[in-house]
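Numbering (the working numbering), first residue to last: 343 to 825.
Ideal Cβ placement from N, Cα and C applies to all residues, glycine included.
So the structure is just underneath, and the comments pick up after that.
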Ligand code: FRU
């Protein structure tokens, strides 16, 4: 009889867990309609995001056995259109010694028809000390992966908080950035070079807390992603340890980007300021990929680590967290815009509202606007005589703009204590809004993606009320599609 491998044993356990809790998970009114979620257990970062042989692959950090963090698997979704997703066989299980406490985050790349996953093997040794190994798994069918083991051990100068490899190729040169912490506990991004993707050499820390003109900027940088857009190099990263600063850095950890110029020879990245990618409550560890439409797409985790996970309303249904919608990135006057991928229009079922609105000191419930899962669009906004405009969503989210203060606010009812809490940003003018509402999430794209707010909300499942309020005069074009 053939012995069951550790990998097979873990797969069997995870599939059994899905089966055992499927009914309970699916009975949750907060299950989402069109977002990627775990079938059971906890999801965190998107991993290995790639369009490979015409198919989009999104893997994700997955703990099948608990709604808490632990020895992560890679779950796996595929799609041909970014709208309809298929849940695939498990991508990776933490079956080997070099990953026994988790196949942590990483990226995917094509190499001559082979799909390669680079990821971090997380190990806690007998003394409870962390070890990090950068590992490789490969596949020819995009479904079954063969582990090739460790390709990079911890170089000098860093602690074992060293993870989340993102790999790219330039001609015959391979590069990898890794999220790191220096031995004096500063967040960094380390750059590596290889000729074959197998043997890697350390070029240096290209950016980090205290490097170049950047002052103190966190004790650990997670999930780096480096790519070129409009001839500019962009570094996306998720730093931990930033202090709240006015309207900025309001969440426990942040995700944002630097625009600059990478010099691989000198292992240097000259860059400007850090800009947060999302101003809402729930966004972290995003990853990007290019595709055959020439786009740069981004998808993130719609949560933040270490934040009230024990209080989350979905854990009694044995699941927690989801990914954001895919966004297309463009650079507009030195700022990254993030618009919902155009394919998402396919989600539209029927157009329930198409109207010119003109409100004056009133609060209205527009016919047809109510609902739970929708795309809502307000364009050609004219606020010449408005003090405040607000869209109220199911008594659990309030979208507010105050023109005189140039202040945009998303308030939500906290799922911890029921009190209203807010996230805000400065916004010089409000021209358009696109809002995607799912059963327990909201994503707001302002002015074509100049700012984005993402958040989980947990309204009374029966409540469908959407209102619009104008203090002063609001004019605009209102559209709503049921999804
Ligand atoms: C970010 C992160 C990564 C790590 C993974 C573990 O949320 O902490 O740095 O690889 O999650 O699940």
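- Residue from 413, 422 and 380 whose Cα sits closest to the Cα of residue 392: Translated into the one-based positions of the chain shown, residue 392 becomes position 50. When 413, 422 and 380 are compared, the shortest CA-CA separation from residue 392 is found for 422.
- Between 601, 764, 570 and 634, which lies nearest to residue 616 when the distance is taken from Cα to Cα? Taking the first residue of the chain shown as 1, we reach residue 616 at position 274. Considering only alpha carbons, the answer is 601.
- Sort out for me which residues DSSP pairs residue 337 with in a bridge. Shown here, the chain extends from 343 to 825; a query on residue 337 therefore has no answer.
- Message: Our contact map puts residue 663 next to residue 384 with C-beta atoms below 8 angstroms; I'd like the distance itself, whole angstroms only.
- Response: The residue given as residue 663 occupies position 321 in the chain shown. The residue given as residue 384 occupies position 42 in the chain shown. With a Cβ gap of about 6 angstroms, residue 663 and residue 384 count as contacting.
- With 8 angstroms set as the bound, which would you pick, yes or no: does the beta-carbon of residue 736 sit closer than that to a beta-carbon of chain D? Of the chains in the structure shown, none is chain D; there is only one protein chain.
- Query: Given that a residue counts as buried once 16 or more other Cβ atoms are within 10 Å of its Cβ, and exposed if not, what is residue 831?
  - Reply: Because the chain in this structure spans residues 343 to 825, residue 831 falls outside the shown range and cannot be described.
- Query: Using a threshold of 7 angstroms, is the CB atom of residue 798 nearer than that to any non-hydrogen atom of the ligand FRU?
  - Reply: On the chain shown, residue 798 is found 456 positions in, with the first residue counted as 1. False, no ligand heavy atom lies under 7 angstroms from that Cβ.
- Query: So is residue 488 buried or exposed if we call it buried at 16+ other beta carbons inside 10 Å?
  - Reply: Position 146 of the chain shown, counting from 1, holds the residue named residue 488. Taking all protein chains shown into account, residue 488 has fewer than 16 neighbouring C-beta atoms within 10 Å of its C-beta and is therefore exposed.
- Item | Sequence-distant residues of the same chain with beta carbon closer than 6 angstroms to residue 733, five excluded per side | Looking up residue 733 in the chain shown gives position 391. Hits under 6 angstroms: 741 and 810.
- Along the chain, where does the alpha helix (DSSP H) that runs through residue 365 open and close? Within the chain shown, the letter at position 23 stands for residue 365. Judged by DSSP secondary structure, residue 365 falls within the alpha helix (DSSP H) whose first and last residues are 348 to 368.
- Helix, strand or coil for residue 490 per DSSP? Against the chain shown, residue 490 aligns to sequence position 148. Residue 490 falls in the strand class under three-state DSSP.
- Query: Taking the alpha carbon of residue 471 as the point to measure from, which residue in 738, 503 and 552 has its own alpha carbon closest?
  - Reply: Mapped onto the chain shown, residue 471 falls at position 129. Out of 738, 503 and 552, 503 has the C-alpha closest to the C-alpha of residue 471.
- Item | Simplified DSSP state of residue 659, which is helix, strand or coil | In the chain shown, counting from the first residue as 1, residue 659 sits at position 317. Helix.
- Message: Using CA atoms only, rank isn't needed, just tell me which of 527, 536 and 530 is closest to residue 513.
- Response: Numbered from its first residue, the chain shown carries residue 513 at position 171. Per the Cα distances, 536.
- Message: Between 463, 785 and 758, which has its C-alpha nearest residue 655's C-alpha?
- Response: Mapped onto the chain shown, residue 655 falls at position 313. Residue 758 is the option with its Cα nearest to residue 655.
- Item | Sequence ranges, beta strand (DSSP E) only - wholly within the region 508 to 561, length at least 3 | The qualifying runs are 515 to 524, 529 to 536 and 542 to 550.
- Please report the residue range of the beta strand (DSSP E) in which residue 799 lies. The count along the chain shown starts at 1 and reaches residue 799 at position 457. Note, residue 799: premise wrong, no beta strand (DSSP E); not H, not E.
- Message: Closest to residue 368 by C-alpha separation, out of 805, 636, 781 and 643, would be which residue?
- Response: On the chain shown, residue 368 is found 26 positions in, with the first residue counted as 1. The residue from 805, 636, 781 and 643 with its alpha-carbon nearest to that of residue 368 is 781.
- Query: Just checking my contact of residue 686 with residue 673 at CB under 8 angstroms: how many whole Å lie between their CB atoms?
  - Reply: On the chain shown, residue 686 is found 344 positions in, with the first residue counted as 1. On the chain shown, residue 673 is found 331 positions in, with the first residue counted as 1. Their Cβ separation, rounded to whole angstroms, is 21 angstroms, which puts residue 686 and residue 673 out of contact at 8 angstroms.
- Message: Following a CB-centred definition, is residue 521 positioned closer than 7 angstroms to any heavy atom of the ligand FRU?
- Response: Here residue 521 refers to the residue found at position 179 of the chain shown. Checking the Cβ of residue 521 against the ligand FRU gives yes.
- Please go through the region 449 to 477 and give each complete beta strand (DSSP E) segment of 3 or more residues, from N-terminal end onward. Counting only runs of 3 or more, we get 456 to 466.
- residue 766 classed as buried or exposed, judged by whether at least 16 other C-beta atoms fall within 10 angstroms: Translated into the one-based positions of the chain shown, residue 766 becomes position 424. The residue in question, residue 766, is buried, as its Cβ has 16 or more Cβ neighbours within 10 Å.
- Item | Candidates 345, 473, 774 and 778: closest to residue 690 by CA position | Counting from one through the chain shown, the residue named residue 690 turns up at place 348. When C-alpha distances from residue 690 are compared across 345, 473, 774 and 778, the shortest belongs to 778.
- Simplified DSSP state of residue 430, which is helix, strand or coil: Locating residue 430 in the chain shown gives position 88, counting from the first residue. Here residue 430 sits in coil by DSSP.
- Item | Reduced DSSP category for residue 629 - H, G, I as helix; E, B as strand; rest coil | Mapped onto the chain shown, residue 629 falls at position 287. Three-state DSSP puts residue 629 in a strand.
- Message: Given the structure, does residue 771 come close to the ligand NAP, in the sense that its CB is under 7 angstroms from one of the ligand's heavy atoms?
- Response: The ligand NAP is absent from the structure shown, which contains only the ligand FRU.
- Task: Please check the pair residue 670 and residue 639, which I expect to be a contact at CB under 8 angstroms, by giving their CB distance rounded to whole angstroms.
- Result: Translated into positions along the chain shown, residue 670 becomes position 328. Translated into positions along the chain shown, residue 639 becomes position 297. Separation of the CB atoms of residue 670 and residue 639 is rounded to 6 angstroms, and the pair is thereby assigned contact status at 8 angstroms.
- Measuring from the CB of residue 740, is there a heavy atom of the ligand FRU at a distance below 7 angstroms? In the chain shown, counting from the first residue as 1, residue 740 sits at position 398. Answer for residue 740: no, Cβ out of range of the ligand FRU.
- Under 7 angstroms from any heavy atom of the ligand FRU, does the C-beta of residue 694 make it? As a first step, residue 694 is located in the chain shown; it is residue number 352 there, counting from the start. The answer is no for residue 694.
- Task: Would you give the residue range spanned by the beta strand (DSSP E) that residue 639 belongs to?
- Result: Against the chain shown, residue 639 aligns to sequence position 297. Annotation: the continuous beta strand (DSSP E) that includes residue 639 extends over 638 to 643.
- Query: By Cβ distance, which residues of its chain are closer than 6 angstroms to residue 388, with the 5 residues on each side in sequence left out?
  - Reply: Taking the chain shown and counting its residues from 1, one reaches residue 388 at position 46. The answer, listed in chain order, is 400, 402, 629, 641 and 665.
- Item | Ordered list of beta strand (DSSP E) runs contained in the region 690 to 763, each at least 3 residues | Counting only runs that start and end inside the region 690 to 763, the beta strand (DSSP E) elements of at least 3 residues fall at 692 to 706, 716 to 724, 728 to 735, 739 to 744 and 749 to 755.
- Compare the C-alpha of residue 362 against each of 661, 496, 424 and 462 and name the closest. Working through the chain shown from its first residue, we reach residue 362 at position 20. That would be 661, whose Cα lies nearest to the Cα of residue 362.
- Message: Please state whether the Cβ-Cβ distance between residue 359 and residue 407 is less than 8 angstroms.
- Response: Position 17 of the chain shown holds residue 359. Position 65 of the chain shown holds residue 407. Yes, Cβ-Cβ distance for residue 359 and residue 407 is below 8 angstroms.
- Item | Limits of the beta strand (DSSP E) - the one that residue 682 falls within | On the chain shown, position 340 is the one that residue 682 refers to. Element bounds for residue 682: 677 to 682.
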